[in-house]
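**Student:** Quick note: the sequence shown uses UniProt numbering, first residue 1, plus one each step. Idealized CB from N, CA, C, for every residue including glycine.
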Amino acid sequence: MDNFEKNMITIKELQLSQLFLSHTKIVKINEWFSSDLTNFSPITIHSFSWSEKPVLIDGHTRAFVAAQNGIQALPFILEEDVISDDLENLYHQCVEWCKVAQLHEILDLSTKIISQAEYEDCWIGCCETFLAKQDKSQEPLSDSTI
1 MDNFEKNMIT IKELQLSQLF LSHTKIVKIN EWFSSDLTNF SPITIHSFSW
51 SEKPVLIDGH TRAFVAAQNG IQALPFILEE DVISDDLENL YHQCVEWCKV
101 AQLHEILDLS TKIISQAEYE DCWIGCCETF LAKQDKSQEP LSDSTI
């Protein structure tokens, strides 16, 4: 238990990297959530050089449900693996989108709860489109364009 308590982060310290939450996911998490954090999988954060705060890279919905239930700190895993440039660029863009949308704290997402279908289309689709555009911009030039 000591190790669990040491790896805690205040929810307000987190930099969001997601614009929407799935209503379906919220309902499912509420079914098992307990304020003593029993069965709560740690959220995943990463420290990027371009962010003043640790970036939440997995667990937005769990963090949201916890915050709704008055929890102020959560167990976390610090992702220390090297993240590809493409993925880091995606997280950077996602953080910028959150800033533009005035999403500064996890409870700010309370106005961004959408259906699972909308979530997959609006959020997952947006991220996939960003990555696809990034892939195209990094393709080598063909002989005819040199």
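Looking only at its chain, what residues have a beta carbon closer than 8 Å to the beta carbon of Q134, apart from the 5 residues adjacent to it on each side?
**Tutor:** D86, N89, L90, listed in sequence order.
**Student:** Who does V65 pair with in a DSSP beta bridge?
**Tutor:** Per DSSP, none; premise fails for V65.
**Student:** A63: buried (16+ other C-beta within 10 angstroms of its C-beta) or exposed?
**Tutor:** Per the 10 Å Cβ criterion, buried.
**Student:** Which of the three DSSP states is assigned to F130 in this structure?
**Tutor:** Here F130 sits in helix by DSSP.
**Student:** Buried or exposed for S17, going by 16 or more other Cβ atoms inside 10 Å?
**Tutor:** Buried is the call here.
**Student:** Alpha carbon to alpha carbon, what distance is there between I77 and D58?
**Tutor:** Their Cα atoms are separated by approximately 10 Å.
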